């Protein structure tokens with residue numbers, strides 16, 4: 002039996018072969034017989050071709066990408082399924098499938114059935130076209146399209162784990178913070194929370210008092226208040242409040258007050274350092290103004306009531322007062338609105354005077370009101386130290402009044418008087434004119450202290466130091482005689498005396514008594530320059546006084562000790578160097594003190610809050626010349642106030658006075674040349690047992706100039722008062738008869 006599953010075509014049936022004659026007609030379906038229902042038609046097994054085609058389709062479906070739908074493209078109409086084949090056509094179909102399979106194996110393209118039919122119909126021939134011997138077309142390589150990237154959905158389990166991890170981390174932060182707040186350092190955080198809801202109030206420390214040597218107050222702190230406003234309360238009634246405040250608060254206007262009380266915020270300063278008496282008056286007027294307003298508001302709804310005058314408050318704001326006005330104002334200085342020193346000792350000793358402010362902490366509500374019975378802390382302020390000066394208020398007053406008279410009399414630009422205790426170096430008076438009253442309006446130019454802040458060339462008063470140095474070195478004594486010409490040539494510079502004269506025979510006392518520049522230069526030229534410079538430094542020139550006064554000048558002294566002869570000659574009679582008034586007074590005081598230099602002293606004691614006094618320590622005294630040399634120079638100075646001296650106006654009845662005049666050229670700051678003058682007088686009394694040194698200097702006096710003429714009377718009046726107040730008895734010593742000249746015949 003022949004196997005029909007291979008490539009052998011099935012046997013043809015008559016009239017079924019295509020291509021011959023008319024196309025075969027469709028086989029008519031057989032009518033079912035009565036026996037068909039009893040028959041079972043076996044299922045046809047899948048042929049090899051069908052199996053291969055099925056596998057090929059499956060592979061293509063797996064490899065091919067999913068088609069992308071296009072909006073404009075239309076889906077092709079589905080192919081119409083061929084009618085089911087009859088039993089007569091099945092062999093032909095099998096044959097065709099077999100041919101296609103064979104052609105596929107041979108590399109040929111199978112011919113579509115529709116094409117064959119069309120060809121056959123066109124040619125009208127029923128014979129099969131013989132196959133052509135031509136090579137099979139090379140199959141086109143299909144472009145394999147890459148599959149589009151697909152969106153990968155996250156794994157739910159991973160997302161869940163990450164969410165729990167983040168939540169656990171956040172909860173751990175809260176837990177750690179909770180442990181820190183409640184377990185590690187709860188007190189500090191509780192304190193911080195309390196501080197946030199607390200209001201801090203500054204408790205100002207009382208500034209230390211400045212008083213004189215006898216306890217007379219020169220600068221004190223008085224109670225005062227600062228007036229403040231809460232604009233949220235004062236804005237509706239700003240105009241009425243300003244009308245009450247403006248007349249009682251100098252330095253402000255109604256417009257300024259209204260503007261301040263109408264601003265945004267809760268705090269504004271309206272006035273500082275207001276006297277408690279003035280504030281009491283303001284409170285009384287506000288209370289009286291509220292009475293009619295309260296009467297009008299009776300019986301009215303709250304929203305229709307007129308606002309009361311309210312919203313003004315006060316806080317402590319102490320004020321610095323000067324009970325004695327202008328007395329020692331340039332020395333004491335002033336403070337600013339903030340209570341800190343601006344000049345003088347108020348500035349220089351600000352750290353000691355200020356003390357340390359305290360504070361009070363109160364818990365407040367949201368509106369800033371103190372909560373009753375709430376926790377509060379108070380840190381008491383520490384008051385500043387009081388300062389006791391060496392000045393004597395009475396003597397200071399006399400000195401200020403007397404120098405004021407002299408400045409006005411001689412039309413000088415300014416003047417200074419220094420009174421010094423010989424033994425202790427304490428400054429009993431430091432008077433300047435012009436001066437000012439700190440309780441009244443003043444300018445910044447009034448705040449300087451010329452006694453320490455102004456330098457000038459001292460003139461002939463410096464001859465006292467020159468003679469002391471020469472006497473200490475043994476170069477001169479009271480028996481020294483000089484032939485003094487009217488002028489001297491020093492390095493081609495001609496230096497003259499203040500009066501014209503021919504060559505004179507002068508003793509060394511006569512050189513001082515007549516204040517001869519030429520005679521002083523002749524004596525000074527006998528000393529080596531380095532030795533002379535050393536004496537000047539020992540007397541305190543070119544060095545600070547040690548008072549530590551703000552703005553103090555140290556003067557000007559040519560540095561080094563290799564000076565030209567002209568510099569040494571000028572300095573010997575008081576030109577070519579500059580000093581301040583206290584420096585010059587201290588140098589003269591060294592001669593009055595038997596050759597011992599005592600550093601000047603202005604602050605005597607510091608006073609603590611409990612009243613205990615702490616002495617102010619100063620530099621130790623030092624000897625600069627011998628006692629013998631100091632006595633010899635004192636004798637020379639006694640001749641100055643004698644009738645034949647240059648300053649008989651400085652003599653004091655009943656007392657032996659030693660002194661020295663000075664008249665020095667000054668450099669005009671505008672021209673840079675000598676064009677102004679300074680006249681001065683320095684002396685001490687009693688000369689045989691000195692108690693006080695007084696130094697007077699007038700800057701730019703007009704008219705006839707002379708230290709004895711202009712400074713002598715001021716010295717006399719101030720020194721007389723000092724001797725009387727401190728009950729210094731006259732010694733009864735007589736003016737010595739000291740020869741001022743000598744005769745060449747007797748030499």
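Residue numbers (the working numbering): 2 to 748. Just so it is clear, CB atoms sit at the ideal spot from N, CA and C, and this is done for glycine as well. Keep in mind it's a predicted model, so treat the numbers as computed, not measured.
{"Asked": "Buried versus exposed, by CB contacts within 10 Å (16 or more), residue 177", "Found": "exposed"}
{"Asked": "Below-8 Å beta-carbon distance, residue 702 vs any chain B residue", "Found": "Here chain B cannot be found, since the structure has a single protein chain."}
{"Asked": "Complete runs of the beta strand (DSSP E) confined to the segment 500–544 [at least 3 residues]", "Found": "505–508"}
{"Asked": "Within 8 Å, strictly: CB atoms of residue 749 and residue 700", "Found": "For residue 749 there is no data in the structure shown, the boundaries of the chain being 2 and 748."}
{"Asked": "According to DSSP, residues forming a beta bridge with residue 419", "Found": "431, 696"}
{"Asked": "DSSP beta-bridge partners of residue 54", "Found": "DSSP, once it has assigned bridges, lists no residue as partnering residue 54."}
{"Asked": "Expected contact under 8 Å - CB spacing of residue 310 and residue 241 to nearest Å", "Found": "6 Å"}
{"Asked": "Best match in 561, 562, 575, 555 for proximity to residue 583 [C-alpha to C-alpha]", "Found": "555"}
{"Asked": "Coil, strand or helix - residue 137 by DSSP", "Found": "coil"}
{"Asked": "Inter-residue Cα distance where the pair is residue 619 and residue 547", "Found": "8 Å"}
{"Asked": "Cβ pair residue 340, residue 382 closer than 8 Å", "Found": "no"}
{"Asked": "Proximity of residue 633 and residue 659 at Cβ, strictly below 8 Å", "Found": "no"}
{"Asked": "Proximity of residue 479 and residue 636 at Cβ, strictly below 8 Å", "Found": "yes"}
{"Asked": "Which of helix, strand or coil DSSP assigns to residue 117", "Found": "Since pLDDT at residue 117 reaches only 42, below the 50 mark, its modelled position is unreliable, and the value read off the structure follows with that caveat. Of the three classes helix, strand and coil, the one that applies to residue 117 here is helix, per DSSP."}
{"Asked": "Where residue 105 sits in the DSSP three-state scheme", "Found": "For residue 105, the predicted model reports a pLDDT of 47, less than 50, meaning its position is unreliable; a value from the coordinates is still stated below. It is helical."}
{"Asked": "Beta-carbon separation (whole angstroms), residue 228 vs residue 272, contact threshold 8 Å", "Found": "5 Å"}
{"Asked": "For residue 606, the first and last residue of its enclosing beta strand (DSSP E)", "Found": "604–608"}
{"Asked": "Stretch pair the segment 642–652 + the segment 605–614: three plus CB contacts closer than 8 Å", "Found": "no"}
{"Asked": "Rounded straight-line distance, which links the Cα of residue 321 to that of residue 283", "Found": "22 Å"}
{"Asked": "Alpha carbon of residue 365 to alpha carbon of residue 180, nearest angstrom", "Found": "29 Å"}
{"Asked": "Straight-line Cα distance separating residue 662 from residue 426", "Found": "22 Å"}
{"Asked": "Candidates 395, 536, 220, of which the one nearest residue 440 by Cα", "Found": "220"}
{"Asked": "Under the three-state DSSP convention, the category residue 682 falls into", "Found": "strand"}
{"Asked": "Rounded Cβ spacing between residue 294 and residue 285 (contact assumed at less than 8 Å)", "Found": "The Cβ separation is near 16 Å, so there is no contact."}
{"Asked": "Cβ pair count under 8 Å reaching 3, the segment 681–699 against the segment 707–723", "Found": "yes"}
{"Asked": "Contained alpha helix (DSSP H) runs [length at least 4] in the segment 148–183, N- to C-terminal order", "Found": "157–180"}
{"Asked": "Reduced DSSP secondary structure (H/G/I, E/B, other) of residue 302", "Found": "coil"}
{"Asked": "Enclosing beta strand (DSSP E) for residue 454 [first to last residue]", "Found": "It is not in any beta strand (DSSP E) - residue 454 instead sits in the alpha helix (DSSP H) that spans 451–454."}
{"Asked": "Alpha carbon of residue 549 to alpha carbon of residue 349, nearest angstrom", "Found": "7 Å"}
{"Asked": "Proximity of residue 313 and residue 378 at Cβ, strictly below 8 Å", "Found": "no"}
{"Asked": "Within 8 Å, strictly: CB atoms of residue 540 and residue 558", "Found": "no"}
{"Asked": "Beta strand (DSSP E) segment containing residue 734, residue limits", "Found": "First-last for residue 734: undefined, no H or E at that position."}
{"Asked": "Residue span of the beta strand (DSSP E) that contains residue 653, given as start and end", "Found": "Careful: residue 653 lies outside any beta strand (DSSP E) and carries neither H nor E."}
{"Asked": "Length of the line joining the Cα atoms of residue 625 and residue 599", "Found": "10 Å"}
{"Asked": "Per-residue DSSP class, three states only, for residue 246", "Found": "helix"}
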